[in-house]
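Data first, discussion second: the structure below is written as structure tokens.
Chains as they are written, first to last, in my numbering: chain D, 1 to 180; chain B, 1 to 624.
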């Protein structure tokens with residue numbers, strides 16, 4: 001029933017860019033929520049409520065995709081015809097994979113370490129640094145806006161996915177070690 | 001203001017047109033009903049002047065008793081007196097094994113996972129028991145507001161899963177209450193606090209009730225209450241404090257096996273001690289148990305030690321919620337306490353210690369949730385067209401599907417803003433597979449058996465193909481109440497297969513219909529009359545909203561021909577509506593809805609444009 005042909009940026013009236021103004025994103029989101037949310041239609045007919053649920057779901061999906069640096073990068077590439085959301089085969093340089101394995105090993109070593117809290121924190125910082133640098137690289141390639149540059153940007157995205165996953169594992173371990 | 005036109009088409013209710021809507025706090029221990037009167041939200045008392053209705057239902061051969069009168073018989077007639085039924089809502093028989101020693105009811109053997117309680121008045125489901133409480137509150141509201149209710153906002157713990165929410169909504173339906181919204185209790189409390197103070201910033205709501213615990217982190221901004229993260233335990237509350245102390249009593253008595261009535265006796269004594277300890281350093285309690293008389297002294301220190309593991313759990317949940325919200329402790333501007341169990345001194349101390357600030361307790365923690373719910377009910381009923389208030393919630397627990405090896409694949413993660421729609425693709429495991437079992441689960445754990453099973457259905461009619469060739473898209477949709485709908489479709493051939501959803505622990509629609517029937521004395525006639533009335537209300541609602549829409553935007557968004565066509569269709573429905581054929585009205589509503597869908601979509605797009613007016617032009621200019 002719902003036909004939204006606009007992409008997330010257009011839908012939110014935001015410029016198509018990686019350097020997104022998160023403040024503006026939050027404000028637009030609030031403005032649209034006030035117009036579209038099902039609670040605005042609760043005294044109206046079922047049909048209008050259903051429509052509003054669909055629109056609000058689209059809005060929420062748009063905001064959550066654009067808010068996070070990784071999914072924002074993936075979405076920008078998707079608009080250029082490169083789908084990194086659902087790909088399973090990832091060809092990455094052996095050097096990079098080696099580095100990943102080493103990082104993973106250090107994560108496993110944290111469990112038995114004498115000062116596991118400090119080591120985990122150091123690891124978290126390292127991951128954060130890598131992610132920051134990958135985001136900068138991505139943006140540089142993305143702005144070049146040529147087919148080969150988009151391919152290079154996709155490689156950055158794949159690397160970000162690795163670090164993002166590692167970051168989540170660090171958090172899970174943190175919960176496990178210090179919460180119970 | 002253009003922004004609000006679509007939502008509140010030209011409504012400015014005059015006093016006599018004001019719709020009656022209430023907020024209901026359906027609690028584990030006590031329930032309340034509140035309404036906005038003369039601009040102020042207040043809880044409504046019964047004839048005796050008491051606001052709190054004990055959430056206790058007693059079944060006798062003569063009829064049903066709800067509230068204080070039922071509570072006073074809890075120890076003498078334990079099997080027919082149902083207390084804390086909220087803890088059984090949306091639960092399966094297997095879940096209740098963990099409640100041993102406190103679940104003193106007799107459960108009936110039945111098909112399906114839903115536990116039925118044996119009483120002198122027959123087997124009762126937790127949904128029916130809750131409906132009795134809701135009925136009592138409804139009639140209290142009708143008496144004090146002197147009119148028919150348009151609907152109600154009913155609160156649920158933020159941490160309630162889909163099955164528990166659905167059970168609550170079913171109970172409302174059974175009690176004949178139209179649910180305007182299922183609202184999370186912490187959000188309701190934030191509304192009660194936020195509106196008075198016109199607050200901005202981040203607040204934490206710590207809600208410890210009789211049987212449930214919630215922690216929510218919210219951001220308040222210009223009337224928008226946005227839940228950033230929520231956490232908790234839907235089986236942790238003041239009742240558990242009582243149990244911990246009752247167990248200690250039993251140890252002192254030489255710990256023998258407990259029987260129903262005596263267990264109630266000990267937990268009631270424990271509760272009394274707990275409440276006394278709020279204002280005293282120690283309490284002496286006389287126990288008369290199984291022929292043994294004994295006098296015990298309980299100090300606050302001893303009590304604090306007994307409940308420490310429970311309080312510790314709540315603090316850990318606070319830490320996790322902050323992390324999920326990506327908020328530091330320093331950013332939290334206010335901590336709001338909700339629920340009777342936050343009166344326990346050690347709870348307040350630990351919360352204050354954790355957040356580094358004294359928690360807010362200026363609104364009665366027992367009433368604050370109902371007060372907030374009533375404020376939203378007033379807005380949702382359409383009584384406040386100018387209100388900017390909007391409550392945005394999140395999904396409390398991840399939703400997923402069972403995949404090979406009993407693993408849960410998450411489709412929507414916890415703390416995702418709702419409403420949300422998301423789809424995931426799956427494939428077949430064997431060559432020539434023509435059916436697929438789809439098992440929907442909710443929870444954070446990796447294994448399906450550690451998650452809550454919500455529904456199972458079979459997708460049939462998949463064309464036989466090699467393993468891995470079929471593509472099945474399973475779509476989840478969660479509405480603003482946090483309720484889930486699931487559909488599935490085979491993509492490679494475009495064949496859409498029928499699906500059937502069986503709620504694992506809920507009631508089927510036919511069961512609800514049966515119960516509704518049973519609750520009327522002249523079943524058939526009343527059922528039909530009620531159905532007709534419901535369809536007429538829906539037709540009126542559609543006709544009115546369409547009329548207002550045409551008046552507001554018809555000239556701009558519709559051609560003369562389109563207006564004419566819509567008017568014809570409306571006239572047809574109006575004729576049907578004035579008749580008495582419920583089925584005809586129902587299909588008429590469907591036809592007109594479909595015929596006017598394009599208009600609704602155009603209006604929605606138009607209002608998006610209006611909401612973002614100025615921005616686009618600015619950005620495009622700045623961009624080029």
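Cβ atoms here follow ideal geometry from the backbone N, Cα and C, with glycine treated the same way.
Buried or exposed: where does residue 476(B) fall if 16 or more other Cβ atoms within 10 Å of its Cβ makes it buried?
-> What you label residue 476(B) is simply residue 476 of the second chain in a count that begins at 1. Using a 10 angstroms sphere on the CB of residue 476(B), the tally of other CB atoms reaches 16 or more, which defines it as buried.
Name the two residues that bound the continuous beta strand (DSSP E) containing residue 292(B).
-> Here residue 292(B) is taken as the residue at index 292 of the second chain, counted from 1. 292 to 299 is the extent of the beta strand (DSSP E) around residue 292(B).
With a threshold of 7 Å, establish whether the CB of residue 154(B) neighbours any heavy atom of the ligand GDP.
-> Ligands are entirely absent from the displayed structure, and the ligand GDP is therefore not among its contents.
C-alpha distance - residue 292(B) paired with residue 269(B), whole-angstrom precision | For this step, residue 292(B) is matched to residue 292 along the second chain. For this step, residue 269(B) is matched to residue 269 along the second chain. If you take the alpha carbons of residue 292(B) and residue 269(B), they lie about 15 Å apart.
Should residue 644(B) be flagged as near chain D, meaning a C-beta pair shorter than 8 Å?
-> The structure shown does not extend to residue 644(B), since chain B is modelled only from 1 through 624, so no value can be given for it.
Nearest-angstrom Cα distance between residue 84(B) and residue 71(B)?
-> Looking up residue 84(B) in the second chain gives position 84. Looking up residue 71(B) in the second chain gives position 71. In a straight line, the C-alpha of residue 84(B) is about 11 Å away from that of residue 71(B).
Could you tell me whether the stretch 53 to 71 of chain D touches the stretch 415 to 425 of chain B, where touching means 3 or more Cβ pairs closer than 8 Å?
-> Result yes; three or more Cβ-Cβ pairs closer than 8 Å.
Counting along the chain, where does the beta strand (DSSP E) carrying residue 184(B) start and finish?
-> Along the second chain, read from residue 1 onward, the residue named residue 184(B) stands at position 184. DSSP places residue 184(B) in the uninterrupted beta strand (DSSP E) bounded by 179 to 184.
Which word fits residue 356(B), buried or exposed, when buried means at least 16 other C-beta atoms lie within 10 angstroms of its C-beta?
-> Taking the first residue of the second chain as position 1, residue 356(B) is located at position 356. Counting the other Cβ atoms within 10 Å of the Cβ of residue 356(B) gives fewer than 16, which makes it exposed.
Using 10 angstroms around the beta-carbon of residue 97(D), count the other beta-carbons present and answer buried if the total reaches 16, otherwise exposed.
-> As a working note, residue 97(D) is residue 97 in the first chain. Exposed, because fewer than 16 other Cβ atoms sit within 10 Å of the Cβ of residue 97(D).
Identify, in the order they occur along the chain, each residue of the same chain with its Cβ nearer than 7 Å to the Cβ of residue 48(B), setting aside the five sequence neighbours on each side.
-> The residue labelled residue 48(B) in the question sits at position 48 within the second chain. Result list for residue 48(B): empty, nothing under 7 Å.
Beta-carbon proximity list for residue 588(B), same chain, < 8 Å, skipping 5 on both sides | Stepping through the second chain from its first residue, residue 588(B) is reached at position 588. Cβ within range, chain order: 539, 572, 573, 576 and 577.
Exposure of residue 429(B), with buried meaning 16 or more beta-carbon neighbours within 10 Å | Sequence index remark: in the second chain, residue 429(B) carries index 429 (1-based). Looking at its Cβ environment, which holds fewer than 16 other Cβ atoms inside 10 Å, residue 429(B) is exposed.
How is residue 539(B) classed by DSSP in three states: helix, strand or coil?
-> Position 539 of the second chain, counted from the first residue, corresponds to residue 539(B). Secondary structure at residue 539(B): helix, using DSSP grouped into helix, strand and coil.
Where does residue 168(D) sit, in a helix, a strand or coil, going by DSSP?
-> Position 168 of the first chain holds residue 168(D). Per DSSP, reduced to three states, the secondary structure at residue 168(D) is helical.
Where residue 120(D) meets chain B, residues with beta-carbon distance less than 8 Å = The count along the first chain starts at 1 and reaches residue 120(D) at position 120. Within chain B, no residue has its CB atom less than 8 Å from the CB of residue 120(D), the nearest being about 14 Å off.
Minimum Cβ-Cβ distance from residue 238(B) to chain D less than 8 Å = Working through the second chain from its first residue, we reach residue 238(B) at position 238. So no, residue 238(B) is outside the interface.
Same chain, Cβ closer than 6 Å to residue 139(D), neighbours up to 5 away in sequence not counted | Working through the first chain from its first residue, we reach residue 139(D) at position 139. Hits under 6 Å: 18.
Assign residue 26(D) to one of three DSSP states: helix, strand, or coil.
-> As a first step, residue 26(D) is located in the first chain; it is residue number 26 there, counting from the start. Of the three classes helix, strand and coil, the one that applies to residue 26(D) here is helix, per DSSP.
Sufficient close CB pairs (3 or more, under 8 Å) joining the stretch 344 to 364 of chain B to the stretch 139 to 146 of chain B | Not touching, per the Cβ criterion.
Just by C-beta distance, which residues in the stretch 35 to 57 of chain D are closer than 8 Å to chain B?
-> Listed by position along the chain: 35, 36, 37, 38, 39, 40, 41, 42, 43, 44, 45, 46, 47, 48, 51, 52, 53, 54, 55, 56 and 57.
Could you round the C-beta distance between residue 480(B) and residue 53(D) to whole angstroms and report it? I think they count as a contact, below 8 Å.
-> Sequence index remark: in the second chain, residue 480(B) carries index 480 (1-based). Sequence index remark: in the first chain, residue 53(D) carries index 53 (1-based). Yes, residue 480(B) and residue 53(D) are in contact; Cβ-Cβ is about 7 Å, under 8 Å.
Buried or exposed: which applies to residue 94(D), given that a residue is buried once 16 or more other Cβ atoms fall within 10 Å of its Cβ?
-> As a working note, residue 94(D) is residue 94 in the first chain. Around the beta carbon of residue 94(D), fewer than 16 other beta carbons lie within 10 angstroms, which makes this residue exposed.
According to DSSP, residues forming a beta bridge with residue 54(D) = The residue you call residue 54(D) lines up with position 54 of the first chain. The partner list for residue 54(D) (beta bridge, DSSP) is empty, contrary to what the question assumes.
Output, in chain order, the set of chain D residues within a Cβ distance shorter than 8 Å of residue 479(B).
-> In the second chain, residue 479(B) corresponds to position 479, counting from 1. In chain order: 38 and 53.
Taking the Cβ atom as the reference point for each residue, do residue 66(B) and residue 133(B) lie within a distance shorter than 8 Å?
-> Position 66 of the second chain holds residue 66(B). Position 133 of the second chain holds residue 133(B). Taking 8 Å as the Cβ cut-off, residue 66(B) and residue 133(B) qualify as a contacting pair.
Tell me whether residue 160(D) sits in a helix, a strand or coil according to DSSP, three-state version.
-> Here residue 160(D) refers to the residue found at position 160 of the first chain. The answer is helix: DSSP assigns residue 160(D) an H, G or I state.
Rounded separation between residue 165(B) and residue 311(B) - CA only = Translated into the one-based positions of the second chain, residue 165(B) becomes position 165. Translated into the one-based positions of the second chain, residue 311(B) becomes position 311. The straight-line gap from Cα to Cα measures roughly 26 Å.
Short check: CB of residue 372(B) to CB of residue 190(B), under 8 Å?
-> The count along the second chain starts at 1 and reaches residue 372(B) at position 372. The count along the second chain starts at 1 and reaches residue 190(B) at position 190. Taking 8 Å as the cut-off, the Cβ atoms of residue 372(B) and residue 190(B) count as close.
Listed from N- to C-terminal order along the chain, which residues in the stretch 152 to 181 of chain B have their beta-carbon within a distance smaller than 8 Å of any beta-carbon of chain D?
-> Residues 180 and 181.
List the residues of chain B that residue 64(D) touches, going by C-beta distances under 9 Å, in chain order.
-> Taking the first residue of the first chain as 1, we reach residue 64(D) at position 64. Residues of chain B passing the Cβ test: 416, 417 and 420.
Short Cβ contact (8 Å threshold) for residue 159(D) with residue 177(D) = Residue 159(D) sits at position 159 when you count from the first residue of the first chain. Residue 177(D) sits at position 177 when you count from the first residue of the first chain. Contact: no.
Please decide whether residue 104(D) counts as near chain B, where near means a Cβ-Cβ distance under 8 Å.
-> The residue you call residue 104(D) lines up with position 104 of the first chain. No, residue 104(D) lies away from the interface with chain B (no Cβ there is under 8 Å from its Cβ).
Identify the continuous beta strand (DSSP E) that holds residue 233(B) and give its terminal residues.
-> On the second chain, position 233 is the one that residue 233(B) refers to. Where residue 233(B) is concerned, the enclosing beta strand (DSSP E) stretches over 224 to 233.
Check each candidate in 159(B), 329(B), 452(B) and 493(B) and name the one with the smallest Cα separation from residue 461(B).
-> Residue 461(B) sits at position 461 when you count from the first residue of the second chain. It is 493(B) whose Cα lies nearest to the Cα of residue 461(B).
Could you tell me if residue 437(B) is buried or exposed, where buried requires 16 or more neighbouring beta carbons within 10 angstroms of its beta carbon?
-> To locate residue 437(B), count along the second chain from 1; it is residue 437. Exposed, by the Cβ-count rule.
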